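From first to last, the protein sequence lines are chains A and B.
Quick note on my numbering: the first sequence kicks off at 20 and runs consecutively.
Quick note on my numbering: the second sequence kicks off at 882 and runs consecutively.
Backbone N, C-alpha and C define an ideal beta-carbon position, used for all residues, glycine too.
Values in this document were obtained by computation on a predicted structure and should not be read as measured data.
Data first, discussion second: the structure below is written as structure tokens.
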Amino acid sequence: MLLGIALFGVLMVEAQVKSITGTVTSAEDGTGIPGVSVSVKGTTIGTVTNIDGQYQLDVPNDAQTIVFSFVGMKTIEAPISGSVVNATMEADYVGVEEVIVTGYTSHRKSEVTGSSVQVSGESLANMPVASVDQALQGKIAGVNISSSSGTPGSVQNIRIRGRSSITAGNEPLYVIDGVPMVNGNSSATSSGSNLSMLATLNSNDIESITVLKDASATAAYGARGANGVIVITTKSGKSGKADINFSATYGFSNDAIDGPGVLTGAEREMLAYEALYNTYGEDYGLASPAEAGEWYAETGYFGNDYVLWNEAGRPETDWADLITNENAPMQEYNLSASGGTEGVSYYTSVGYMSQEATVIGSEFERFSGALTLDVDLSPSLKFTTRNNASHSYQDGLLETSAYFSSPRASKFFMPSIDQAYNEDGSINYETTTLPNPLWIAQEDIDDSKLTRILSNNSLTWDTPVENLSFTTRVNIDYRVYNYKRYRNPLRGDGDGATNGYGWQAHRNSVNYVFQNMVNYSLSLDGGHNFDFSAIQEYQENRRYYLDADADNFTDVGLTNLSSAGNPTSAFSEYTDWKVASYLGMVHYSYDGRYVVDLTYRKEGSSRFAPDNRWGDFWAVGGAWNMQRENFMSNVEVVDMLKLRASYGLTGNANISLNQYQALLSYDSDYAGEGASYPGTFGNNDLSWETSKTLDIGVDFGLFQNRISGSIGYYNRETQDMLLDVPLSLTTGFNEQTRNIGRMENKGYEVELNVDIIRSRDMNLSIGGNLGTNKNEVLELATDLNGEEINITSTIDRVETGHPVYGWYMPTWAGVDPDTGDELWYINPEESDETSSNFNDAEQVWQGGSAIPKVTAGLNLHFDFKGAFIDVNGYYAGGHKVYEGWHRYTHGTDVFSVFYYQGVDLLLDRWQQPGDVTRYGKFEYTGRPWQRHSKFLYDGDYFRLKDVTVGYDFNPSLVDAIGLGGVRVFVRGTNLYTWVKDDYLKYDPEVGPSGETGLATPPVKSFIFGVNVKF
Amino acid sequence: MKTLNILSKLTIVFLFIASINACTTDDLDPSTEQNKPVEGGIESDANLYGIVKGAYSRMTASGYYGRDYIINNEVRTDNCFSNGNSGRFTTQAGFNYSENTGFFWDEAYRVIASANIVIGVNPDEMTGDVDYIKHMQGQAYVLRGLVHFDLLKQYGQQNAGGSLGVPYVTEFKGEDLTPARKSVDECVTMILADLEMGYSMLNEDYDDSPEFITKYAPKAIASSVGVYFKKWDVAKSAAEVVINSGMYSIIPADQYVSSFGVDASPNSIFELAFSSTDNVGINGLAYIYRTTGGGSYGDVQVLDEVADLYDEGDVREGILGMEDDMLRNIGKYPDNQGYDNVGVIRYEEVLLNYAEAQLETGGDALTPLNQLAAERGIDAYTEVTKDILIDERRKELIFEGRRYDDLVRTGSDIEKISLQQNFAATIPYGDYRMAWPIPKAEMDANSNMVQNDNY
């Protein structure tokens, strides 16, 4: 059918034609301009100029006008008066006004009333990252991105303008080609690597990404827009001859930050004897740590690890080195074609990406394909189909905690006196303290496979009523996910009586979206322009999940459940959620000077009880383009000066399913039979969490837009927060989800770009952005006595008047030089009194939280005659980071020198009276978890995110070998990191919890690439 | 005309598509394929049976009988200590706990919530066997009494110089969602009342296995309540009912060690079901009691002095074993994957309760004590003292989570003396740490709650 239409289209152009030629020259220096688009007005007939600026085009006999267009030049229309049509083009620094895609609609930048920032696909393509959102870091003011892990394919944590909710999600809504999407982690396991759904998208297929931050911009998605919206637009076809692109990149990566160093075997032994000396020296008459060492060997009471180690000749093992996949290779290939003929245009691509992780035994691979077709079924009916399919494979690892079998944990938990290999060179899997990571990487399996098909189909009818159109759209997002875990029977989580363990999970998810849209534009005399849109939308998500596990495997090397002798569980479930919405939008522009946006959305969600199911969301936005006022007409330096303001109500319903219902759960069993229990407390009053956002700003362009940017202020107050209010545990529940409490986020945002040099052969620009965020909890739930219910952990707390989850823990007071005891302030707010008993120390506010108060990006572009360099940096600061696992790795006790492994900072420990040290005396004891401010660090850091150096070959050269263009480049990411706090040794890019973990850190990579246009 | 025709058809198509989309509030009802609403979900005896099993299942949680409740009562005594191999239980063993350590408060009250659902139904309004429903309600009363007893022993101030007990919750989602603490005495009264109510409602015809509360279980538990709170008459009469029932017997000497690997032995009055498909895995008792060659946590090691506890020929010594240099509990909860049932109360304990109650009330304590001795490969006792009884309890019930209760109820100081102990000092009887702190989460959410002293 489509083919038929396409052929028909081709036949159509076989009409009577004539040939015209011409030359396009530059007004600046009179030379020919290559690559100018030349087309017949009102048709798709066109070509481009050659290296000398000449063209030849066959045009229909009845063609009237030729259009010449080129990026950065003023478009020219010239009448066809003979067989030669020449043109002289001049630079246009003002006229190339960006069109901002805001999801359902798009507007020219001057007509945008909200705070939206668009990033072009060009700057996202060829980034050596599996998931495209990673590429946004540092590009947009107020957007804070941290990766949950450096394992390729992992989820990125994105916070737009801080944290707006305590219980409901804080992730922005993702919209792809006008359709709200589900997003986030696709993995079935919480102990292994996670897998981002966005990793299924090939960044080379993306035309642009727009981040919508304020109420006016997000109101169209109002009910789910409170955390901001990320709008992704995929590429579509452009008319003209096929534009074929091929790109290939190859590179390698390493950890961006090495992380803390650990004790060597000799250091560990020295500290171990010191611990014995400090603890038992007096009672057993030991004169020195050395004597304690002899005593250790004699008694055998504390094990004989060091005795054996000394007998073996004191061999050191560098576990950090062993688990590292140095210079982990990555490669990516993409082939795309776009073009079109009369009535049909297409974009199609195939891509392949593979990336090894910087830790042994882990990699990511993706195959993807895309096809977009725009077909004019008739002069008034247009059909568009956008299809993306991909298959992602992630060979993951245990990494989210200090699992004994996690290779990332073994650096900090495996003693450096343990041996990785046997004398015969084979892997020593038997005698290491923890399972040998080399063995685990070789034998165990943690595989995720995700296949995703996205199909977005729409039909648009331009009705006979002028400027009235209908669009109907069906979007299907289908995902098939498989997870396979296997644990070998010889050592690790499947050893002993388990005798091999297997777990497999399977999930089918489908997300349907149906949209009907009516658009009507009206222009009245006197410059009044109206755009009306009415949209109806229905979305449903269905998820089916099945998993099973088993142990006792028949034989080594057989890893599927069919080979397991003892099935231990089977589980399946089905869940769904539904959202229905009605949306009305009015965009009014008077003479391009005054712009008003009105948006209203009514949305119903299955997450709430029938009486509270529907929510109303709205926004009002206005803009004043002052440069178009008469009084500004003489001010030539100002090309753009737009004041904008918006205010509106957006929502968030991102909570677990079925929370409003008091439900019995049945996923329990007892004595071989199923059992039930009350699973949720229920709350029929549950409804939307809402945010009121005020946004004001100025967008400007000066000196022919050489200086451009914006300055803005925002204030977002979240109210009726969806909050898991802690219940008295005597109810049998931990919490009840309620709408209660208020929280505020406010701050300033600045974007600035300066073109220092601007010419055809040389350009230099420098830009930056900066966003601030101040978060404060304004109100929380109270109990029956009117007392505020706080949420307190051992390190943070939610309380009014403080940032949400502000750091709250005992304050460390150093090490007592006389005794070597660690000291804490009993209550630093009242006195300087200290105690060596940790339980005496009160938890107090430490200032700040895990959310940066300031984030900033910096970018620089320079090009000269085809050579170019792009530099991009990111800064986050004003927040604090807490080091996890310090009980073990920083313990001056058995954990670091007898059981596991300590960091080398421990060498700065107390040994004798008078020592002023960071760590107290070593003792033979195992201290409990004592979380305090010693391990709370300033989180400020700057990272050189991206440096690209490349060269576009001279068009004449390329043309001579029959190509349209060739670019070669070298790209480096995360090449340099500055961290403010010397004690923050882990990667400073820490997730929203603010606690460092043992996941793979972000990677530093170099890639070499080539792009060829045919 | 033809154009108009096409237009009208298209309009109809668009209106049709739009109408499919039109959505009412009811259309947005979510599926609940895995759940049933509480209201309307419990209408038959079969529904109620599910809830009852849910209550038992909640008792098997790792934080309760699955591990922590038992371990905490061993690791704070002269039986065991934590070597900190994985960092677990060092806090408890060192008496270093604070209100941030939750212990089993939440797990326990979850069991009570489930029990209260069962108690709250009206048997006459349900479908099914009314007698059976009442039998299940009897089980629920007993569970409610038992769990409050466990809570009271750990959080009540009876050994820490105070009089506050714990909140006694008798309603599921009742009026008072932020209950205050009752006094210790009030709690004891309510516990015994619940046990008595349960006893009166339980029906022997429905008794099945000791994996559920059966007719004489409330009496067995009541004998322990009596012993703990020195209500010797209560202990004595309750124990007599169990003994005279003739339902249970002492496990014979040759089966003593192996009985811990067998479900539903003849000495078992109430035990919780664990199996290959229903267990707490690495968070279970076996995983913490043993390292099994390095694969499991193995933090909770046995004090060396325990090796000298048993006389020559005492079959109970067979529970002990070595892993390298470390003395270990090898025989109780023997399955390393945690597939063994966990006992809550067994006949031998009732017998020892009885002996102690006899001793305290001037009766014959020697006979029940020697009945046990005869099956343990040791000489018969010729006299009975309190110390002998407490010692015998230690030998019989070691590693089963009874030692700490026995120490504190007899007013003993707790000595921690081992070379490898993290804590080498004496916790004098009456120390504030003999009552656990109320968890921080409870204090945050419930302003009627009073914290124990010094936390």
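Of all the options the options, which has the alpha carbon lying nearest to the alpha carbon of residue i?
i         : options                                    : result
B/Arg1062 : B/Tyr1336, B/Asn1335, B/Asp1334, B/Met1330 : B/Met1330
A/Gly49   : A/Ile85, A/Leu976, A/Ala82, A/Glu109       : A/Glu109
B/Val1138 : B/Gly1202, B/Gly1219, B/Leu929             : B/Gly1202
A/Asn794  : A/Arg735, A/Thr749, A/Trp843               : A/Arg735
B/Tyr990  : B/Lys1015, B/Phe1030, B/Asn964             : B/Phe1030
A/Gly640  : A/Gly667, A/Ala589, A/Thr94                : A/Gly667
A/Gly65   : A/Gln73, A/Ser56, A/Asp71, A/Gly72         : A/Ser56
A/Ala356  : A/Ala236, A/Asn223, A/Ser411               : A/Asn223
A/Val836  : A/Glu942, A/Gly786, A/Asp934               : It is worth fixing the name first, because residue 836 of chain A is Pro in this sequence and not Val. Residue A/Asp934 is the option with its Cα nearest to A/Pro836.
B/Val1028 : B/Asp1221, B/Pro1249, B/Ala927, B/Asp1075  : B/Asp1075
Taking 8 Å as the threshold (C-beta atoms), are residue j and residue i in contact?
i         : j         : result
B/Glu1277 : B/Glu1229 : yes
B/Val1123 : B/Tyr1087 : no
A/Ser45   : A/Val1009 : no
B/Val1011 : B/Ile1094 : no
A/Thr756  : B/Ser912  : no
A/Thr229  : A/Val250  : yes
A/Ser477  : A/Thr403  : yes
A/Gly910  : A/Gly903  : no
A/Ile177  : A/Asp152  : yes
A/Tyr564  : A/Arg504  : no
B/Leu929  : B/Val999  : yes
A/Leu580  : A/Gln534  : no
Would DSSP call residue i helix, strand or coil?
i         : result
A/Gln461  : helix
B/Asn1303 : Bear in mind that the predicted position of B/Asn1303 carries a pLDDT of just 49, short of 50, making it unreliable; the figure below should be weighed with that in mind. Residue state, collapsed to three classes: coil.
A/Gly1016 : coil
A/Ile164  : strand
A/Val113  : Caution is warranted here: a pLDDT of 46 is assigned to A/Val113, below 50, making its placement in the model unreliable, and the coordinate value is therefore given only provisionally. Coil.
Roughly how many angstroms lie between the CA atoms of residue i and residue j, to the nearest whole one?
i         : j         : result
B/Gly1199 : B/Asn960  : 15 Å
B/Asp1189 : B/Pro1318 : 34 Å
A/Glu301  : A/Asn323  : 22 Å
A/Arg243  : A/Thr669  : 7 Å
A/Ala238  : A/Arg663  : 16 Å
A/Lys37   : A/Asn644  : 45 Å
B/Gly944  : B/Tyr1178 : 16 Å
A/Leu290  : A/Arg946  : 16 Å
A/Thr63   : A/Trp480  : 20 Å
A/Asp277  : A/Ala428  : 14 Å
A/Asp196  : A/Pro98   : 37 Å
B/Asp1066 : B/Ser1130 : 33 Å
Give the interface partners of residue i over in chain A, defined as CB-CB distance under 7 Å, in chain order.
i         : result
B/Glu1241 : Result: empty, since nearest Cβ-Cβ is about 34 Å, beyond 7 Å.
B/Ala1326 : Pro745, Leu746, Ser747, Asp802, Ile808
So which residues of chain A does residue i contact, with C-beta pairs closer than 9 Å?
i         : result
B/Val1050 : Thr749, Thr750, Gly751
Going along chain B, which residues have a C-beta under 7 Å from residue i?
i        : result
A/Val913 : Gly965
A/Glu692 : Lys934
Quick one: which chain B residues come within Cβ less than 9 Å of residue i?
i        : result
A/Lys597 : Cys904, Asp908, Leu909, Asp910, Pro911
A/Asn724 : Correct list: empty, because the minimum Cβ distance to chain B is about 43 Å.
Which residues of chain B have a Cβ atom closer than 8 Å to the Cβ of residue i, listed in chain order?
i        : result
A/Glu592 : Glu914, Gln915
A/Asn677 : Pro911, Thr913, Asn916
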